[in-house]
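K.L.:
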Amino acid sequence: MNVNKLLYRPLGMLFGVLGGLAASAVFGQVWKLVTGTAEAPTPTQKDRGWGEVLLAATIQGAIFGLVKAAIDRGGATGYDKLTGEWPGDTNKYDGD
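Here the sequence shown is numbered in numbering that gives the first Met the number 0, starting from 0 and rising by one per residue.
1) Excluding five sequence neighbours on each side, which residues of the same chain lie with their C-beta closer than 7 Å to the C-beta of Gly-18?
2) Identify, in the order they occur along the chain, each residue of the same chain with its Cβ nearer than 6 Å to the Cβ of Gln-178, setting aside the five sequence neighbours on each side.
3) What is the rounded straight-line gap between the Cα of Thr-41 and the Cα of Val-33?
4) Return yes when the Cβ of Asn-1 is within less than 8 Å of the Cβ of Thr-82, no when it is not.
5) Taking only three categories from DSSP, how would you classify Lys-96?
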């Protein structure tokens, strides 16, 4: 493993934490916009229905996935610009 890639690991973890915080805030705002309620249901809340719980999980998963990918990609791109070394996989996509 290249030293630059090893040095990127702590940065990647920091980006992950910051991304999680950002995604949580975005989800809260989106849920409030979609439903008009401030708090999303949790799977174990008895008074919430299946549809509401599954909708919340779907929206939350999509937002977390999008934010994680954006943060990871942005961090890798910034690291590449600073060091000239891409911190992730550099294999060409083969389409298979």
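Beta carbons: idealized from backbone N, C-alpha and C, even for Gly.
Note that this is a predicted model, so its numbers are computed, not measured.
P.N.:
In short:
1) By one-based count along the sequence shown, residue 18 stands at place 19. Contacts found: Val-66, Lys-67, Ile-70.
2) Residue 178 falls outside the range modelled here, since the chain spans only 0 to 95, and no answer is possible.
3) Within the sequence shown, the letter at position 42 stands for residue 41. Within the sequence shown, the letter at position 34 stands for residue 33. Each residue's alpha carbon lies about 16 Å from the other.
4) Taking the sequence shown and counting its residues from 1, one reaches residue 82 at position 83. Taking the sequence shown and counting its residues from 1, one reaches residue 1 at position 2. Their beta carbons are not under 8 Å apart, which means Thr-82 does not touch Asn-1 by this criterion.
5) Limits of the chain in this structure are 0 at one end and 95 at the other, which puts residue 96 out of reach.
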